[in-house]
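Per our numbering, numbering through the sequence shown is continuous, rising by one, with the last residue being 629.
Beta carbons: idealized from backbone N, C-alpha and C, even for Gly.
Remember, predicted model here, so these are calculated numbers, not experimental data.
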Amino acid sequence: MGDYEEIFSASVSDRERFWLDAAGALDWHRAPAKALDDSRPPFYRWFPDGELNVCHNALDRHVEAGRGDQAALVYDSPVTGAKSVHSYRRLRDEVAVFAGVLRDLGVGTGDRVVIYMPMVPEAAVAMLACARLGAVHSVVFGGFAARELAVRIDDAAPTVVVSASCGIEGSRVIEYKPLLDAAVGMASHKPLKNVILQRPQARAELGERDVDWASACAAASPAAPVPVQSTDPLYVLYTSGTTGKPKGVVRDSGGYATALTWSMSNVYDVGPGQTLFTASDVGWVVGHSYIVYAPLLAGATSVLYEGKPVGTPDAGQFWRVASEYGVRSMFTAPTAFRALKKEDPEGTHARGYDLSALKYLFLAGERLDPETYRWASELLGIPVIDHWWQTETGWPIVANPAGIELLPVKPGSPTRPLPGWDIQVLDGDGKPVPPGTNGAIVAKLPMPPGALPTLWNDDERFLSSYMSAFEGYYLTGDGGYLDEDGYLYVMGRTDDVINVAGHRLSTGGMEEVLASHPDVAECAVIGVADQLKGQVPRGFVVLKSGVDAAADGYTSRLRAELVQLVRDQVGAVASLKDVAVVAALPKTRSGKILRKAMRNIAEGTEEPVPSTIEDASVLDALRPALRKE
Numbered sequence: 001m002g003d004y005e006e007i008f009s010a011s012v013s014d015r016e017r018f019w020l021d022a023a024g025a026l027d028w029h030r031a032p033a034k035a036l037d038d039s040r041p042p043f044y045r046w047f048p049d050g051e052l053n054v055c056h057n058a059l060d061r062h063v064e065a066g067r068g069d070q071a072a073l074v075y076d077s078p079v080t081g082a083k084s085v086h087s088y089r090r091l092r093d094e095v096a097v098f099a100g101v102l103r104d105l106g107v108g109t110g111d112r113v114v115i116y117m118p119m120v121p122e123a124a125v126a127m128l129a130c131a132r133l134g135a136v137h138s139v140v141f142g143g144f145a146a147r148e149l150a151v152r153i154d155d156a157a158p159t160v161v162v163s164a165s166c167g168i169e170g171s172r173v174i175e176y177k178p179l180l181d182a183a184v185g186m187a188s189h190k191p192l193k194n195v196i197l198q199r200p201q202a203r204a205e206l207g208e209r210d211v212d213w214a215s216a217c218a219a220a221s222p223a224a225p226v227p228v229q230s231t232d233p234l235y236v237l238y239t240s241g242t243t244g245k246p247k248g249v250v251r252d253s254g255g256y257a258t259a260l261t262w263s264m265s266n267v268y269d270v271g272p273g274q275t276l277f278t279a280s281d282v283g284w285v286v287g288h289s290y291i292v293y294a295p296l297l298a299g300a301t302s303v304l305y306e307g308k309p310v311g312t313p314d315a316g317q318f319w320r321v322a323s324e325y326g327v328r329s330m331f332t333a334p335t336a337f338r339a340l341k342k343e344d345p346e347g348t349h350a351r352g353y354d355l356s357a358l359k360y361l362f363l364a365g366e367r368l369d370p371e372t373y374r375w376a377s378e379l380l381g382i383p384v385i386d387h388w389w390q391t392e393t394g395w396p397i398v399a400n401p402a403g404i405e406l407l408p409v410k411p412g413s414p415t416r417p418l419p420g421w422d423i424q425v426l427d428g429d430g431k432p433v434p435p436g437t438n439g440a441i442v443a444k445l446p447m448p449p450g451a452l453p454t455l456w457n458d459d460e461r462f463l464s465s466y467m468s469a470f471e472g473y474y475l476t477g478d479g480g481y482l483d484e485d486g487y488l489y490v491m492g493r494t495d496d497v498i499n500v501a502g503h504r505l506s507t508g509g510m511e512e513v514l515a516s517h518p519d520v521a522e523c524a525v526i527g528v529a530d531q532l533k534g535q536v537p538r539g540f541v542v543l544k545s546g547v548d549a550a551a552d553g554y555t556s557r558l559r560a561e562l563v564q565l566v567r568d569q570v571g572a573v574a575s576l577k578d579v580a581v582v583a584a585l586p587k588t589r590s591g592k593i594l595r596k597a598m599r600n601i602a603e604g605t606e607e608p609v610p611s612t613i614e615d616a617s618v619l620d621a622l623r624p625a626l627r628k629e
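#1: Shortest alpha-carbon distance to Arg328 belongs to which of Pro309, Gly311, Ala300 and Ala529?
#2: Would you call the CB atoms of Leu297 and Leu260 closer than 8 Å?
#3: With distances taken Cα to Cα, identify the nearest neighbour of Leu380 among Ala357, Asn400 and Gln390.
#4: Who pairs with Ser87 in a beta bridge, going by DSSP?
#5: Take the Cβ of Phe331 as the centre, count every other Cβ of all protein chains shown within 10 Å, and call the residue buried at 16 or more, exposed below.
#6: Consult DSSP for Ser413 and reduce its assignment to one of helix, strand or coil.
#7: State buried or exposed for Met1, treating a residue as buried only when at least 16 other CB atoms are found within 10 Å of its CB.
#8: Return yes when the Cβ of Val228 is within less than 8 Å of the Cβ of Val236, no when it is not.
#9: Could you pull out every residue in the same chain whose Cβ sits closer than 6 Å to the Cβ of Ser84, ignoring the five residues on either side in sequence?
#10: So for Ile404, helix, strand or coil by DSSP?
#11: Alpha carbon to alpha carbon, how far is Arg61 from Asp27?
#12: With 16 other CB atoms within 10 Å as the buried threshold, where does Lys247 fall?
#13: From Pro118, Leu180 and Gly254, pick the residue whose C-alpha is nearest to that of Gly50; which is it?
#14: In the DSSP assignment, find the alpha helix (DSSP H) that holds Leu379 and state where it starts and stops.
#15: For Glu94, count the other beta carbons within 10 Å of its own beta carbon; 16 or more makes it buried, fewer makes it exposed. Which is it?
#16: Is it buried or exposed, Asn400, if we count other Cβ atoms within 10 angstroms and call 16 or more buried?
#17: What's the C-alpha gap between Leu482 and Asp386?
#18: State buried or exposed for Asn266, treating a residue as buried only when at least 16 other CB atoms are found within 10 Å of its CB.
#19: Is the segment 561 to 580 close to the segment 516 to 530, with three or more CB pairs under 8 Å?
#20: Nearest to Tyr4 by CA position, among Leu149, Arg416, Val161 and Tyr473, is which residue?
#21: Hey, quick one: how far does the alpha helix (DSSP H) through Leu576 stretch, first residue to last?
#22: When you compare only the Cα positions, how much space is there between Gly591 and Ala333?
#23: Identify, in the order they occur along the chain, each residue of the same chain with its Cβ nearer than 6 Å to the Cβ of Leu20, setting aside the five sequence neighbours on each side.
#24: Does Leu237 come out as helix, strand or coil in the three-state DSSP assignment?
#25: Would Ser575 pass as a contact of Pro537 if the rule is Cβ separation under 8 Å?
#26: What did DSSP end up calling Glu169 once you bin it into helix, strand or coil?
#27: Please go through the segment 441 to 525 and give each complete alpha helix (DSSP H) segment of 4 or more residues, from N-terminal end onward.
#28: Would you kindly work out how many angstroms separate the C-alpha atoms of Pro118 and Tyr238, rounded to a whole number?
#29: Is there contact here, the segment 159 to 166 with the segment 117 to 133, by at least three beta-carbon pairs under 8 Å?
#30: Along the chain, where does the beta strand (DSSP E) containing Val211 start, and where does it finish?
#31: On the CB-based measure, 16 or more other CB atoms within 10 Å of its CB, does Asp552 come out buried or exposed?
#32: Is it the case that the segment 129 to 138 contacts the segment 91 to 108, given that we only count it when at least three CB pairs across the two stretches are under 8 Å?
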């Protein structure tokens, strides 16, 4: 295992020296002499005596090093036909001017700014401008419902909201200004001003509270970077909010910048001048970390893509982007590849582009099933790297570290923990379980730099949500097991483990079997209450394009084949006898299947649909099958 073993051992044996060395890759206004403040566990703080500015590290220092003409941000929008390239100098200058706009509107160090934007370069500009001032941004996914936006405005209490006149979802133009106005009307907290970027697809009518982006920038003078404490917050990112107060994950400045910079070369194998294409959205942690901050901190080129994996206009757009911009590493969600596999099962589109520059495909956001791994690997002929992390952690926990050493792959596992992460699997009593035994996946404290230090204005909820289940450990909420080689298998959220007649079974394991059928594009298994067995599994499958589901007897034959597959590979104890063929599965905008919402409908407990749902009509269409109407 060579380098990986050595580096991991160094990160464990002398944690403080390891991360102080990593912090040396950044420009510090005051370099930290101390790595970790552990005086108030579990409220750990990294580089407590350090001062820096994250925006300076992402932009100014590269310009000052003579690389101002290098591409920093490539914008590609198949939904509008727009393309642009921001060099590091151009991006720095635009960010400095917009920071001046925010400063002139009363935004200072520690003030909050809510950003409600589509996938356009100005979204990254607004984020970096906040960082330049030492202000705290909170990005809310563009197009979120007014009530959900209002809840976040009340929690973050922003001085200013930055938005746009509209966003584009596939072929639909969604006007943001009416949603923003409704949200501000509902919220108890009223921002001083809204800065509105006018887009030609739908211009907004501006009111007294509103400021036009272009006019404000024309009148502003640039703002210089403001040094802040390493422990000062860079942003707040909300992870849930279906009912009550949402959880605002706090991200610190110095620890996050250190971890992201380290991860770019060691995990993604992307360095200065090389290109990372992360097909996500700035509304999610993946967009924060690997569209905006990490590539720019590393001096790389980042692709900001406004479109979908399929339908904008076809299943070849990812390959076009990778070919056109010489992408070295690509990062998206498994659900995006399942969509590609469904629309283009033979991979015809990919074969039409020159992908010789593409060295790695990284997938995260939901469990990568072995069948999708196999399909992507055979199609591309490059390492397909499953890696696992969370909004709370900010960067990967478990991954095959491409920049250190590619470990042997075991399909179904994201391989081994990265340096800095002490990952264990515990039983209900908090005791480690033997290899191969399912349990709760936890991280031993302290977590490495970049992970959340707390929740926004809610230390108690931070403790109850993550730190109280097992003393000395962060509870990930995911279940799975470690094998005898230390490889982690993440089988899904702990509430996706079902109890069938006393047998604890992973729905992820059953999904793995269903996904192996050649006609299945994607699937979901949920556990539903049963009077006799406690719970029984129910399966839902979406078929690949070109499969004739209307053929005589096809559906009943397929269902029998799937039930037999699970019986053969999981065992009769699984009791999977109910498999429905459906048109689509309900998902969040980040690609996670809404299994809990499906389970609630099946059991007749109608809870609010998560605000993160991509298309509520998909869930509505599924209701009859869930309720067996």
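So, to answer that:
#1: To locate residue 328, count along the sequence shown from 1; it is residue 328. Taking only the C-alpha atoms, the option nearest Arg328 is Ala300.
#2: If you number the sequence shown from 1, residue 297 lands on position 297. If you number the sequence shown from 1, residue 260 lands on position 260. A contact, by the Cβ cut-off of 8 Å.
#3: To locate residue 380, count along the sequence shown from 1; it is residue 380. The shortest C-alpha separation from Leu380 is found at Ala357.
#4: As a working note, residue 87 is residue 87 in the sequence shown. Paired residues: Ala71.
#5: Translated into the one-based positions of the sequence shown, residue 331 becomes position 331. Label assigned to Phe331: buried.
#6: One-based indexing of the sequence shown puts residue 413 at position 413. Ser413: coil per DSSP, three-state reduction.
#7: The count along the sequence shown starts at 1 and reaches residue 1 at position 1. Reliability fails at Met1, whose pLDDT of 44 lies under 50, so the model's placement of it is uncertain and the value that follows must be treated cautiously. It is exposed - the Cβ of Met1 has fewer than 16 other Cβ atoms within 10 Å.
#8: As a position in the sequence shown, residue 236 is number 236, starting the count at 1. As a position in the sequence shown, residue 228 is number 228, starting the count at 1. Not closer than 8 Å, so no.
#9: If you number the sequence shown from 1, residue 84 lands on position 84. So the list reads Tyr75, once near-sequence residues are dropped.
#10: Within the sequence shown, residue 404 is the residue found at index 404, counting from 1. If DSSP states are grouped into helix, strand and coil, Ile404 belongs with coil.
#11: Here residue 61 refers to the residue found at position 61 of the sequence shown. Here residue 27 refers to the residue found at position 27 of the sequence shown. When rounded, the distance between both Cα atoms is 8 Å.
#12: Your numbering for residue 247 matches position 247 in the sequence shown. Looking at its Cβ environment, which holds 16 or more other Cβ atoms inside 10 Å, Lys247 is buried.
#13: On the sequence shown, position 50 is the one that residue 50 refers to. The residue with the shortest Cα to Cα distance from Gly50 is Gly254.
#14: Stepping through the sequence shown from its first residue, residue 379 is reached at position 379. Counting along the chain, the alpha helix (DSSP H) containing Leu379 begins and ends at Pro370 to Leu380.
#15: The residue given as residue 94 occupies position 94 in the sequence shown. Its Cβ being crowded by 16 or more others within 10 Å, Glu94 is buried.
#16: Translated into the one-based positions of the sequence shown, residue 400 becomes position 400. It is buried - the Cβ of Asn400 has at least 16 other Cβ atoms within 10 Å.
#17: The residue given as residue 482 occupies position 482 in the sequence shown. The residue given as residue 386 occupies position 386 in the sequence shown. If I take the Cα positions, the gap works out to 16 Å.
#18: Reading the sequence shown from its first residue, position 266 is the one you call residue 266. By the neighbour-count rule (16 or more Cβ atoms within 10 Å), Asn266 is buried.
#19: yes
#20: The sequence position of residue 4 within the sequence shown is 4, counting from 1. Looking at the Cα atoms, Arg416 is the closest of the given residues.
#21: Counted from its first residue, the sequence shown places residue 576 at position 576. Element bounds for Leu576: n/a, residue is neither H nor E.
#22: Taking the first residue of the sequence shown as position 1, residue 591 is located at position 591. Taking the first residue of the sequence shown as position 1, residue 333 is located at position 333. C-alpha separation (whole angstroms): 7 Å.
#23: For the purposes of this step, residue 20 is taken as residue 20 along the sequence shown, with counting starting at 1. Within the same chain, Leu20 has close Cβ partners Ala35.
#24: For the purposes of this step, residue 237 is taken as residue 237 along the sequence shown, with counting starting at 1. The answer is strand: DSSP assigns Leu237 an E or B state.
#25: Along the sequence shown, one-based indexing puts residue 575 at 575. Along the sequence shown, one-based indexing puts residue 537 at 537. Their beta carbons are under 8 Å apart, which means Ser575 touches Pro537 by this criterion.
#26: For the purposes of this step, residue 169 is taken as residue 169 along the sequence shown, with counting starting at 1. Three-state DSSP puts Glu169 in a strand.
#27: Correct list: 459 to 462 and 507 to 515.
#28: To locate residue 118, count along the sequence shown from 1; it is residue 118. To locate residue 238, count along the sequence shown from 1; it is residue 238. Computed Cα separation, rounded: 17 Å.
#29: As far as the Cβ criterion goes, the segment 159 to 166 touches the segment 117 to 133, which means the pair count is three or higher.
#30: Here the question's residue 211 lines up with position 211 in the sequence shown. From DSSP, the beta strand (DSSP E) with Val211 extends over Asp210 to Asp212.
#31: Start at 1 with the first residue of the sequence shown, and residue 552 comes out as number 552. Per the 10 Å Cβ criterion, exposed.
#32: yes
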